[in-house]
Amino acid sequence: MLDVRRLRLLRELSIRGTLAEVAEALQYSPSSVSQQLALLEKEVGVELLRKTGRRVQLTPQAEVLVAHTAQLLETMEQAEADLAASLTTVTGTVRIAVFQSAALALMPDTLTRMAAKYPEVRIEMIQREPETALHETWARDFDLVIAEQYPGHAAPRYPELDKVKLTTDAIRLAVPPASGGGPAIRTLEDTADLAWVMEPRGAASRHWAEQACRSAGFEPDVRFETADLQAQARLIESGNAVALMPDLVWTGRGTTAQLLELPGKPHRTIFTSVRRSSTQRPAILAARETLAAAAAAVATDDAG
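Numbering (the UniProt record's numbering), first residue to last: 1 to 304.
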């Protein structure tokens, strides 16, 4: 009988690439990971790892085991979900990965509602960029991810993850207050000679914003780069930059910036993803239900 814990270490190595990263993710020592994988090789009687410089490479036989291990982990997670569903009380821990604007706009209300309705569920939240968080949820670092998708920009897809729409928000051109003494700005084209603030390269929002500017006939002068949307907002409100910002950024805080509609009124889609084998776990169902209620409340407030 193969040891499932050792099989999981092999799968983690296929995902993370190095023994050190596996050890860090699972809170083992690198030497312990190496020893356990050596024992697994003895159990199966074939070579599973080959050294390539400072790294190790999985053999074809190891890849066969990894594929079966993924199925085993899904089955075990489904069994845990079914067991939890048989109980009368919703309990457990839900680890959530969330990007900044959703964390600010949705999580405080979600946590308050969860504490009131599901007091025996523990929510753990970590801020992550959506592309990274989707991969980490697939890799079992998180139970649920709140991610985003910009128009014409597909988010990464993993067959093991589902995708449930949570809400949408408009993307607008955010420019300094009209009383700032600068030139009047009415369209995206009017910002061609102005300083821009954007998220770092690689972010979906950055790619989308650059493409929007290029479609308008200019290359944006990105003088400021930060993933902190609150810092972006301050730069805009103080008259130092312009940006394309989703409405969720302004939830609960208001702004002195001018928010101008863009042609076609583009919207960002916000969605949640979990591993399909855990979709019926009561604590995850409760978290999704509560997130939806919080998102609906924000939409109602914005409409009002």
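All residues carry an ideal CB built from backbone N, CA and C; glycine is no exception.
Remember, it's a predicted structure, so these values are computed and weren't measured experimentally.
Per the DSSP secondary-structure output, Val197 pairs in a beta bridge with Phe224.
Taking all protein chains in view, the Cβ of Gln230 is surrounded by fewer than 16 other Cβ atoms within 10 Å, so the residue is classified as exposed.
Gln211: member of the alpha helix (DSSP H) spanning Ala204 to Ser215, first to last residue.
By the neighbour-count criterion, in which a residue is buried when 16 or more other Cβ atoms sit within 10 angstroms of its Cβ, Glu219 is exposed. Val46 is classed as exposed because its beta carbon has fewer than 16 other beta carbons within 10 Å across all chains shown.
Taking C-alpha positions only, Ala292 is separated from Pro108 by approximately 13 Å. Residues Val22, Ala25 and Ala139 of the same chain have their beta carbon placed closer than 8 Å to that of Arg16, with the five preceding and five following residues left out of the count.
Between Arg206 and the set Glu189, Val274 and Ala227, the nearest pair of CA atoms involves Ala227. Between Ser273 and Leu161, the gap from beta carbon to beta carbon is short of 8 Å. Per the Cβ contact rule, the region 47 to 62 is not in contact with the region 247 to 261 (fewer than 3 Cβ pairs under 8 Å). Asp169: member of the beta strand (DSSP E) spanning Val164 to Val175, first to last residue. Straight across, the Cα-Cα distance linking Glu129 with Ala178 is about 32 Å.
Note: Ser278 is not bridge-paired with any residue in the DSSP secondary-structure output. Apart from sequence neighbours up to five positions away, the residues of its chain that approach Met114 with a beta-carbon distance below 8 Å are Val121, Ile123, Ala286, Ala287 and Thr290, ordered along the chain. At the C-beta level, Arg8 and Leu48 stay beyond 8 Å of one another. Between Val94 and Leu134, the gap from beta carbon to beta carbon reaches 8 Å or more.
In the DSSP assignment, Met245 falls outside any alpha helix (DSSP H) and lies within the beta strand (DSSP E) extending over Ala243 to Pro246. Glu74 sits in a helix when the DSSP states are folded into three classes.
In this structure, Asp169 sits away from Ala195, with a CB-CB distance that is not shorter than 8 Å. Your pair Glu43 and Asp3 checks out as a contact, with CB atoms roughly 7 Å apart and the cut at 8 Å. Here the alpha carbon of Gly217 sits roughly 16 Å from the alpha carbon of Ile185.
Judged by their CB atoms, Leu104 and Ile270 are not nearer to each other than the 8 Å cut-off.
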